[in-house]
Amino acid sequence: MVKQIRVLAILPYEGLKEMLVSAAGQHREICLDATVGDMEKAVEVAGERMETAKYDVIIARGGTAELLRTAYPHMIILEISVTFDDIFRAVLLARNYNEKFAIVSLPAIAKRAQEFCTMLQYDIEVYAVNTEEESKELLENLQKQGYSMVVGDMINAKLATEKGMNVVLIMSGKNSVEAVLKQAVQLLAIKSRETEEKDYLKSICDGAPWYITILNRQGDVLLNNVKNSGESERYAEFLKENLNAYFEQEIFHMERRFGREYYVVDSKIIEGSGGEEVVIYGRPVCVEVPEDTRGIMLAEEEDEDSYSFESSFGVSNLVGRARETMLKCCNSRLPILILGEPGSGKDAAANSIYRMGYNKNRPFYTIDCEVVTPKEWTRFFEKSTSPLMEINCTIYFKNIQVIDINLEKKLRDMIENTNLCRRNQVIFSGTVKGDSAECMMSEYLLTKVNCILLQALPLRKRKSDVLNLSIIYLSALNAELGKQVIGFENGADEEMLQYSWPGNVTQLKRVLRELVIGTDGNYITRKSVKECISNEIFSSEEANVSNINLNQSLNDITYDVIRRVMKEEGMNQKKAADRLKVSRTTIWRILNSR
Numbered sequence: 396m397v398k399q400i401r402v403l404a405i406l407p408y409e410g411l412k413e414m415l416v417s418a419a420g421q422h423r424e425i426c427l428d429a430t431v432g433d434m435e436k437a438v439e440v441a442g443e444r445m446e447t448a449k450y451d452v453i454i455a456r457g458g459t460a461e462l463l464r465t466a467y468p469h470m471i472i473l474e475i476s477v478t479f480d481d482i483f484r485a486v487l488l489a490r491n492y493n494e495k496f497a498i499v500s501l502p503a504i505a506k507r508a509q510e511f512c513t514m515l516q517y518d519i520e521v522y523a524v525n526t527e528e529e530s531k532e533l534l535e536n537l538q539k540q541g542y543s544m545v546v547g548d549m550i551n552a553k554l555a556t557e558k559g560m561n562v563v564l565i566m567s568g569k570n571s572v573e574a575v576l577k578q579a580v581q582l583l584a585i586k587s588r589e590t591e592e593k594d595y596l597k598s599i600c601d602g603a604p605w606y607i608t609i610l611n612r613q614g615d616v617l618l619n620n621v622k623n624s625g626e627s628e629r630y631a632e633f634l635k636e637n638l639n640a641y642f643e644q645e646i647f648h649m650e651r652r653f654g655r656e657y658y659v660v661d662s663k664i665i666e667g668s669g670g671e672e673v674v675i676y677g678r679p680v681c682v683e684v685p686e687d688t689r690g691i692m693l694a695e696e697e698d699e700d701s702y703s704f705e706s707s708f709g710v711s712n713l714v715g716r717a718r719e720t721m722l723k724c725c726n727s728r729l730p731i732l733i734l735g736e737p738g739s740g741k742d743a744a745a746n747s748i749y750r751m752g753y754n755k756n757r758p759f760y761t762i763d764c765e766v767v768t769p770k771e772w773t774r775f776f777e778k779s780t781s782p783l784m785e786i787n788c789t790i791y792f793k794n795i796q797v798i799d800i801n802l803e804k805k806l807r808d809m810i811e812n813t814n815l816c817r818r819n820q821v822i823f824s825g826t827v828k829g830d831s832a833e834c835m836m837s838e839y840l841l842t843k844v845n846c847i848l849l850q851a852l853p854l855r856k857r858k859s860d861v862l863n864l865s866i867i868y869l870s871a872l873n874a875e876l877g878k879q880v881i882g883f884e885n886g887a888d889e890e891m892l893q894y895s896w897p898g899n900v901t902q903l904k905r906v907l908r909e910l911v912i913g914t915d916g917n918y919i920t921r922k923s924v925k926e927c928i929s930n931e932i933f934s935s936e937e938a939n940v941s942n943i944n945l946n947q948s949l950n951d952i953t954y955d956v957i958r959r960v961m962k963e964e965g966m967n968q969k970k971a972a973d974r975l976k977v978s979r980t981t982i983w984r985i986l987n988s989r
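Numbering (my numbering), first residue to last: 396 to 989.
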């Protein structure tokens, strides 16, 4: 079966219609619907016909074609042109007229007529008119000047006839008609190829293992292979929510959480027929996080509108120098090591680095080394669906001080052989107090992996932050408990500063909660603070300091002393060497002797 192109032809006079119908009969590819109409009448006719039938193209002539292009910009309008041959025939005929005549037509035809008369040195007046009113006024003036005939297009010929003037119509010839039909046939061939290519590409898109969507700047979906399911509807809404982000960068990449799954999204700006468009490639990614695994947690997505630094994470130890240091770490692509005593806010710092960093819209996994079983570690290291095999996510290893030698070797191999810290944002944290200060892994991370060190200092070493933290916590507690506590009475703040806070921020938060619950007024009293602190079961700082084991060799004692001082000096060899009055070479040699 021959493919056909549906053509609507609206022509200014019956003779041109018959000529077009006759010529179209020679083309099996053309299904023609022809009628007579001119200018505004043609626009009206086109609207009526297109309500009941679908056309691929409209054929018209001169000013009518221009009006149709304006009225129906989505349609293809082909114009039957007026050639020099057409003008030549009309002028030759008119030259046999013995009285004065002029050429009056729309600008496109008038321009060609003027070129023709100039070329042949014909002394014929040529006038271009744009509107009926302009034409009527001109024709009246021509009559007054003794002109009795007009050579023109259909609309001006009609107006001249109404004024009693004779007319010679500039008619399109067979060549012009045949040319426009050839254009229509060529258009059919182009359209057929485009349809085939479109169907071919659509079949590829529909069978692709990822979602392909094209949007314009207004968010209109121009192409979409997303199936109609609940998940896909959420995905489509997500794309529109991030519309501006796609057009801000020529190439854009993002990973975004949805429940326990996340989408990997890449986009690229292209130039479409209607301006800039964006092609978005997306795929849902399922990362294996077994339900029975207590040692790994995939953070749930939070509502960004409810996010506030001070309300969400300011109440987690981030004030003063700690906050300044952490902010510098947020956008660093280097791995980060957080060291601190129990309760000093290590988890909060890791959470904040993720939430405020470059990876904030991507998955965040917390692996608690203290809880993960050997079987689970094996699963993490060997399975292809393990979070450790992913790209562009954030992985937080906490409590690395409990990792034994065998596990440490496996983790080192994973870091070195799979570029774990280059593929992802990786954060480590370890507890450095008492017996748990023996953290071999931290030395490796600082010297071999080049981690940025972030120290979560204990409150006793930053007393100036105690009251600032307290104010932030009080604000949060007021909102949670419906209280109106606005501060401490005179003397109460001194009690807060004098206490050593061995449990650090965790203890401070708990004590403040008890104080707020027990306070009925606007201020926390000194008596309340003293009573609450006296009931604390935490030992003093000094009681928690482990003694060096003296029942071992001198070399071992020396090694333990150097390790202890290194940790107290934030793993800074220069400071440790200065404090012990030895060279950095000595420090390095002793530490690497094991």
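From the three backbone atoms N, C-alpha and C, an ideal C-beta is built for every residue, glycine too.
Just so you know, these numbers come straight off a predicted model, no measurement behind them.
Consult DSSP for cysteine 426 and reduce its assignment to one of helix, strand or coil.
Counting from 1 along the sequence shown, the entry for residue 426 is found at position 31. Note: cysteine 426 maps to strand in three-state DSSP.
Are the region 424-438 and the region 473-484 touching, with three or more C-beta to C-beta distances below 8 Å?
They do not touch, by the three-pair rule.
Got a sec? Which residues, its chain only, sit under 6 Å from valine 563 by beta carbon, not counting five neighbours each side?
Taking the sequence shown and counting its residues from 1, one reaches residue 563 at position 168. Excluding residues within five positions, the ones whose Cβ falls inside 6 Å are Ala485, Leu488, Ala489, Val546.
DSSP three-state label for aspartate 661, please.
As a position in the sequence shown, residue 661 is number 266, starting the count at 1. Three-state DSSP puts aspartate 661 in a strand.
When the distance is taken between beta carbons, is isoleucine 665 closer than 9 Å to valine 659?
Translated into the one-based positions of the sequence shown, residue 659 becomes position 264. Translated into the one-based positions of the sequence shown, residue 665 becomes position 270. No.
What does a CB cutoff of less than 6 Å around leucine 618 pick up in its chain, not counting 5 residues either side in sequence?
Within the sequence shown, residue 618 is the residue found at index 223, counting from 1. Around leucine 618: Ile609.
Enumerated in chain order, which unbroken segments of the beta strand (DSSP E) with a length of 3 residues or greater are wholly contained in the region 728-801?
Taking only runs of at least 3 residues, the beta strand (DSSP E) segments lying wholly in the region 728-801 are 731-735, 759-763, 789-793.
Rounded to the nearest angstrom, what separates aspartate 518 and glutamate 532 at their Cα positions?
Numbered from its first residue, the sequence shown carries residue 518 at position 123. Numbered from its first residue, the sequence shown carries residue 532 at position 137. For aspartate 518 and glutamate 532, the distance between alpha carbons rounds to 23 Å.
Which parts of the region 521-547 are runs of the beta strand (DSSP E), unbroken and 3 residues or longer, counting only runs that do not cross its ends?
Runs found: 521-523, 544-547.
For the region 507-518 against the region 430-445, do three or more pairs of beta-carbon atoms, one drawn from each stretch, fall closer than 8 Å, so that the two count as touching?
Touching, no.
Tell me which residues share the same chain as proline 853 and place their Cβ nearer than 6 Å to its Cβ, disregarding the 5 neighbours each side in the sequence.
Walking along the sequence shown from the start, residue 853 turns up at place 458. Excluding residues within five positions, the ones whose Cβ falls inside 6 Å are Glu736, Ser739, Asn899.
What residue from Val621, Ser598, Lys755 has the CA that sits closest to isoleucine 607's CA?
Position 212 of the sequence shown, counted from the start, is the residue given in the question as residue 607. Nearest C-alpha to isoleucine 607: Val621.
Determine which residues share a DSSP beta bridge with alanine 851 and list them.
Taking the sequence shown and counting its residues from 1, one reaches residue 851 at position 456. BP columns for alanine 851 point to Gly735.
Distance check for cysteine 788 and proline 758, CA to CA, integer angstroms please.
Locating residue 758 in the sequence shown gives position 363, counting from the first residue. Locating residue 788 in the sequence shown gives position 393, counting from the first residue. Cα to Cα, the separation comes out at about 5 Å.
Do aspartate 548 and arginine 456 have their C-beta atoms closer together than 9 Å?
Here residue 548 refers to the residue found at position 153 when the sequence shown is read from its first residue. Here residue 456 refers to the residue found at position 61 when the sequence shown is read from its first residue. Yes.
Look up threonine 901 in the DSSP assignment and say whether it is helix, strand or coil.
Sequence index remark: in the sequence shown, residue 901 carries index 506 (1-based). Residue state, collapsed to three classes: helix.
Determine the closest residue to leucine 583 out of His469, Ile810, Gln399, Ala851, with distance taken between C-alpha atoms.
On the sequence shown, position 188 is the one that residue 583 refers to. Closest option to leucine 583, Cα to Cα, is Gln399.
Looking only at DSSP bridge pairs, what is glutamate 666 linked to?
Residue 666 sits at position 271 when you count from the first residue of the sequence shown. DSSP output for glutamate 666 lists Glu671 as bridge partner(s).
Per the contact definition of three or more C-beta pairs closer than 8 Å, is the region 404-423 in contact with the region 561-577?
Touching, yes.
So which of Met836, Glu589, Lys495 has the shortest CA-CA distance to arginine 958?
Start at 1 with the first residue of the sequence shown, and residue 958 comes out as number 563. Arginine 958 has its Cα closest to that of Met836, out of Met836, Glu589, Lys495.
Helix, strand or coil: how does DSSP classify isoleucine 985 here?
Here residue 985 refers to the residue found at position 590 of the sequence shown. In this structure, isoleucine 985 counts as helix in the three-state DSSP scheme.
Assign threonine 813 to one of two classes, buried (16 or more other C-beta atoms within 10 Å of its C-beta) or exposed (fewer than that).
As a position in the sequence shown, residue 813 is number 418, starting the count at 1. By the 10 Å Cβ count, threonine 813 comes out exposed.
Determine the contact status of serine 410 and aspartate 480, defining contact as a CB-CB distance below 9 Å.
In the sequence shown, counting from the first residue as 1, residue 410 sits at position 15. In the sequence shown, counting from the first residue as 1, residue 480 sits at position 85. Per the sequence shown, residue 410 should be read as glycine rather than serine. Not a contact, by the Cβ cut-off of 9 Å.
Quick check: what's the CA-CA separation for lysine 723 versus asparagine 639?
Along the sequence shown, one-based indexing puts residue 723 at 328. Along the sequence shown, one-based indexing puts residue 639 at 244. Going by the C-alpha atoms only, they are around 27 Å apart.
Less than 8 Å between C-beta atoms, sequence neighbours within five positions excluded: which residues of the same chain meet that for valine 960?
As a first step, residue 960 is located in the sequence shown; it is residue number 565 there, counting from the start. So the list reads Ala971, Arg974, Leu975, once near-sequence residues are dropped.
Measuring straight from C-alpha to C-alpha, what distance separates lysine 858 and leucine 892?
For the purposes of this step, residue 858 is identified with residue 463 of the sequence shown, where counting begins at 1. For the purposes of this step, residue 892 is identified with residue 497 of the sequence shown, where counting begins at 1. Looking at the two C-alpha atoms, the distance is approximately 6 Å.
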